[in-house]
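Asks: Numbering-wise, this note's numbering puts 435 at position 394 of the sequence shown, and it's gapless, one number per residue.
We put the beta carbon where it would ideally sit given N, CA and C, even for glycine.
Sending over a structure as structure tokens; questions will come in a sec.
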Amino acid sequence: MNRFDKKVELRLPDSLKWSGMNRLFKGEDLLPLWVADMDFEAPEPVLAAIRRRVDAGLFTYTELPSSLFEAVAGWLDRRFKWSVAPGDLLFAPGVVTLLRAAVLAFTQPGDSVVIQPPVYGPFGDAVTGQGRELVLNPLKIEQGRYAMDFEDLEAKFRLTGAKLLLLCSPHNPAGRVWEEAELNRLAELCRQYGVAVASDEIHSDLILTGSHIPIASLPGMSERTVTFIAPSKTFNLAGLHTSFAVATDETLRKALDQALGYRSPNPLSVAAAEAAYREGEEWLEACLAYLRENVSFASGYLTERLPEAVVYVPEATYLLWVDLRAYGLSSTELGRLLVQEARVAVSGGGAFVSEGEGRVRINLATRRELLEEGLSRIARALGSLQSVDEAKTDTAEAGQAEADEAEVGKTEVGKTEVGKTEVGKTDAGQADTGQAEAGEG
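And the structure:
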């Protein structure tokens, strides 16, 4: 049996995804395919490292050992051929914390910060919550997948004097792995207009097709870029609150460190992160193979069962972005249908700043049995609806039928009036003739 098909106890009392779901979604007996963590046990080397640390029996204030930063730097070199010194790394309790710190470090109140929606909701909060101006550079659809709108981006840089771009690479929820040409064009614009970049690359280890390129590794970008990574998505360690910033430029690193302020690691998170980056690669490769199968299954299933849905097959992440606008429901109505009828919890498009109306994000990082059950519930609930195009067609056909019927009615009425005169004459004559014929006979 595949290790990722193993049945494990998921309904832990403190699990946000499972136990907090009914409260948050106001539903009962829901199947969670929402928040981005996995339903898989963490790698065994990670669990063993945590057990060893627990067995020590002491949970004191914890220093960050140099060996941890060496493990992270080694991982970046092995996975992306990106040479980073351990001293270029900063610890933080999470990427959201790092996003907020980057806005504080590299902008002033009233400055413009650009994001590219639909995008992870805290991108917007990191800007507006700290008195900065939020500038939207929405992604566009090209040949069935999301792409950056560079013409709009350049106009926004020029008109707003933006100081910072919050980049999501790979992109959540669109699932894009930005290609080298795209990143080079983006870098060119940032250099031209003097824009700094805070790049959230938390999903960079979860590449399904293609390869990830850290934007900071491109020529002329290390001096204007800070990059955020974490073991949380990669190894299913979200609850341990560990992340890292890569800042090879000393000025940027010091500014970000100051904005972050004091932070102290959890001794278990230190042990887990170092074990993951040193010994978790085999587990990750097996996990990626399973996720690729889940992506293939889910995209094929939804395309077959819900042909009106637009499924954006992810190139990275374990998150499936699906456009359901063809069914004519608002995001509120769609959410209500999925909770009350399908009994499935997914992330609604409204959680992604903008450009998410009528869309949902589905978490595929669960065992196949649960994934199939969840998708089946969604398909049954939506399958009972007509798509907007079908409804328009039916309405048009009904309207035409009514028009045809009315026209026929007019004709029939005319025929009836004529019939009354002609039939009267004919019937009278026939009757008279018949009577005569009968009399003659």
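(1) Let's see if you can read the secondary structure: which residues bound the beta strand (DSSP E) around Pro-106?
(2) Under DSSP, the beta strand (DSSP E) around Gly-389 begins and ends at which residues?
(3) Which whole-angstrom value describes the C-beta separation of Leu-247 and Thr-275, a residue pair presumed to lie in contact below a C-beta threshold of 8 Å?
(4) Suppose contacts are defined by Cβ-Cβ distances below 7 Å. Is Ala-239 in contact with Val-267 by that definition?
(5) In terms of alpha-carbon separation, which member of Glu-85, Trp-75 and Phe-393 lies closest to Leu-360?
(6) Using the beta-carbon count (16 or more within 10 Å), is Val-454 buried or exposed?
(7) Hey, could you find the ends of the beta strand (DSSP E) Leu-175 is sitting in?
(8) Tell me the DSSP secondary structure of Arg-217 in three-state form.
(9) Enumerate, from N- to C-terminal direction, the unbroken beta strand (DSSP E) stretches of 3 or more residues contained entirely within the region 339-369.
(10) For a minimum of 4 consecutive residues, which ranges assigned as the alpha helix (DSSP H) are wholly contained in the region 215-294?
(11) If you measure between the beta carbons of Leu-105 and Phe-147, is that distance less than 7 Å?
(12) Helix, strand or coil, according to DSSP, for Leu-405 in the structure here?
(13) Determine the extent of the alpha helix (DSSP H) in which Ala-194 is found, giving its start and end residues.
(14) Determine the DSSP secondary structure at Phe-132, reduced to helix, strand or coil.
(15) For the alpha helix (DSSP H) that contains Glu-50, what are its first and last residues?
(16) Applying the criterion that 16 or more other CB atoms from any shown protein chain within 10 Å of the CB defines a buried residue, is Phe-269 buried or exposed?
(17) Where does Ala-97 land, buried or exposed, given buried means 16+ other C-beta within 10 angstroms?
(18) Could you check the C-alpha separation between Leu-53 and Ser-60 for me, to the nearest Å?
(19) Skipping 5 residues on each side, what residues in its chain have a beta carbon closer than 7 Å to that of Val-236?
(20) With 16 as the cutoff for other CB atoms within 10 Å, does Ile-254 come out buried or exposed?
(21) Would you grab the beta carbon distance between Val-119 and Ala-312 for me? Rounded to a whole angstrom, and I think it's under 8 Å.
(22) Could you check which residue in Thr-138, Gly-128 and Asp-55 has the C-alpha nearest to that of Ser-284?
(23) Within 10 Å of its beta-carbon, does Lys-48 have 16 or more other beta-carbons around it, so buried, or fewer, so exposed?
(24) Whole angstroms is fine: what's the gap from Glu-349's alpha carbon to Leu-426's?
(25) On the three-state DSSP scale, how would you describe Ala-126?
(26) What is the DSSP secondary structure of Val-168, reduced to helix, strand or coil?
(27) Span of the alpha helix (DSSP H) holding Pro-308?
(28) May I have the straight-line CA-CA distance separating Gln-184 from Ala-77, to the nearest angstrom?
(29) Does the beta carbon of Arg-294 come closer than 7 Å to any beta carbon on chain D?
(30) Using only CA atoms, which one of Glu-85, Val-351 and Gly-135 lies nearest to Arg-304?
(31) What is the DSSP secondary structure of Pro-163, reduced to helix, strand or coil?
(32) Rounded to the nearest angstrom, how far is the Cβ of Leu-180 from that of Ala-215, given a contact under 8 Å?
(33) Just the C-alpha distance for Ala-422 and Ser-372, rounded to the nearest angstrom, thanks.
(34) Tell me which residues share the same chain as Ala-314 and place their Cβ nearer than 8 Å to its Cβ, disregarding the 5 neighbours each side in the sequence.
(35) What is the DSSP secondary structure of Arg-93, reduced to helix, strand or coil?
(36) Helix, strand or coil for Ser-153? Go by DSSP, reduced to three states.
Replies: Put simply:
(1) For Pro-106, there is no enclosing beta strand (DSSP E), since its DSSP letter is neither H nor E.
(2) 385-389
(3) 7 Å
(4) The answer is yes: Cβ separation under 7 Å.
(5) Trp-75
(6) In this prediction, Val-454 scores a pLDDT of 39, lower than 50, which makes its location untrustworthy; no coordinate-derived value is stated.
(7) 174-177
(8) Coil.
(9) 351-353 and 360-364
(10) Complete alpha helix (DSSP H) runs here, min 4: 221-234 and 272-276.
(11) no
(12) coil
(13) A small fix is needed here, since residue 194 is Leu in this sequence, not Ala. Segment 191-201, the alpha helix (DSSP H) holding Leu-194.
(14) strand
(15) Note, Glu-50: premise wrong, no alpha helix (DSSP H); not H, not E.
(16) buried
(17) exposed
(18) 7 Å
(19) Phe-198, Ala-203, Lys-204, Leu-205 and Leu-206
(20) buried
(21) Per the sequence shown, residue 119 should be read as Arg rather than Val. About 21 Å; that fails the 8 Å criterion.
(22) Thr-138
(23) Here Lys-48 is exposed, its C-beta having fewer than 16 other C-beta atoms within 10 Å.
(24) 11 Å
(25) coil
(26) helix
(27) 308-320 is the span of the alpha helix (DSSP H), which, as asked, contains Pro-308.
(28) Looking at the backbone, the Cα of Gln-184 and that of Ala-77 are separated by about 27 Å.
(29) Protein chains in the displayed structure number just one, and chain D is not present.
(30) Gly-135
(31) DSSP places Pro-163 in helix when its eight states are reduced to three.
(32) 6 Å
(33) 15 Å
(34) Leu-109, Ala-112, Val-113, Pro-272, Leu-278, Leu-281 and Thr-283
(35) helix
(36) strand
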